[in-house]
Ligand code: SAH
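Numbering (my numbering), first residue to last: 14 to 283.
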């Protein structure tokens with residue numbers, strides 16, 4: 014399948030199309046959409062999810078970078094008389110970057126995305142002035158596990174997501190559910206942006222957290238001192254004061270500890 018009109022899947026665009034109907038159904042059920050919902054889909058491809066999303070939701074806005082695919086999908090939608098889907102040909106990152114892009118005040122994201130986009134896309138969605146109500150993404154399984162990691166195994170990625178949202182893995186998808194079959198397994202991750210604003214300016218939080226991860230295997234005080242050009246002894250003292258083990262490695266700190274560290278260090282940031 015998927016060689017319609019002589020088109021070969023474009024690896025560079027991360028084209029691995031969902032072909033398992035059971036999985037498509039499972040994603041749609043998890044999306045739990047109603048006719049009052051608008052959905053933003055990223056990379057609709059041949060429409061594996063799009064057609065069903067159109068049945069469940071009030072409106073679907075789908076951004077597809079591949080011009081030929083966007084054209085095929087538009088024709089297919091017209092043939093099926095589906096009128097509540099808008100296909101926009103373009104790059105999702107530029108689309109989200111542009112304040113004039115047609116995004117409603119409330120919308121959901123449901124998508125099986127090209128995996129090369131994962132981190133950049135999630136960050137951009139979460140940093141929007143009006144982030145989605147809920148984000149349901151099919152991504153590489155290992156990346157989903159890293160994002161949803163529990164304390165003790167945090168990374169810049171997991172903390173960056175948790176700073177803005179609650180994330181959990183809903184279910185795995187084996188590689189055989191896609192065509193062409195990719196080299197990795199997948200999982201559906203649910204990310205729900207928090208409504209309340211962050212307890213500290215994102216800039217201060219990210220500056221401190223990224224400095225802390227400067228050398229992920231090394232201990233915190235050295236990383237923070239080097240990354241923020243601060244005195245190491247003072248940092249050790251501050252960590253003890255905050256009840257954080259000065260021998261801890263960055264992956265061992267929980268989000269709340271990074272926030273409290275950043276609150277205390279923000280006055281010293283350049
Ligand atoms: N959702 C479809 C296709 C998944 S493959 C399915 O599940 O079958 C990923 C899709 O994202 C491809 O159609 C690819 O062309 C598109 N894509 C890749 N990079 C993109 C970008 N930067 N912006 C928008 N779409 C992109």
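Quick reminder that beta carbons are idealized off the backbone N, C-alpha and C, glycines included. On a predicted model such as this, the values are computed, not experimentally measured, just so you know.
Per-residue burial, residue i [other beta carbons within 10 Å of its own, 16 or more giving buried]
i           : result
residue 34  : exposed
residue 163 : exposed
residue 208 : exposed
residue 79  : buried
residue 63  : buried
residue 185 : exposed
residue 289 : Residue numbering for the chain in the displayed model covers 14 to 283; residue 289 lies beyond these limits and cannot be assessed.
residue 74  : buried
residue 171 : buried
residue 212 : exposed
residue 118 : exposed
residue 6   : The requested residue 6 does not occur in the structure, where the chain is confined to residues 14 to 283.
residue 193 : exposed
residue 156 : buried
Between the CA atoms of residue j and residue i - distance to the nearest angstrom
i           : j           : result
residue 254 : residue 205 : 33 Å
residue 201 : residue 230 : 29 Å
residue 105 : residue 127 : 11 Å
residue 237 : residue 215 : 17 Å
residue 195 : residue 129 : 13 Å
residue 247 : residue 241 : 12 Å
residue 84  : residue 56  : 13 Å
residue 69  : residue 60  : 14 Å
residue 86  : residue 29  : 16 Å
residue 151 : residue 182 : 10 Å
residue 88  : residue 82  : 10 Å
residue 66  : residue 52  : 8 Å
Residues sharing a beta bridge with residue i, DSSP
i           : result
residue 125 : 151
residue 31  : 191
residue 184 : 201
residue 206 : 178
residue 77  : 102
residue 257 : Answer by DSSP bridge pairing: none, since residue 257 is not bridged.
Could you tell me whether the segment 245 to 259 touches the segment 213 to 230, where touching means 3 or more Cβ pairs closer than 8 Å?
no
Three or more C-beta pairs closer than 8 Å, one from the segment 175 to 189 and one from the segment 129 to 145: is that the case here?
yes
Per the contact definition of three or more C-beta pairs closer than 8 Å, is the segment 88 to 98 in contact with the segment 35 to 44?
no
Does the count of Cβ pairs from the segment 64 to 78 and the segment 100 to 117 closer than 8 Å reach three?
yes
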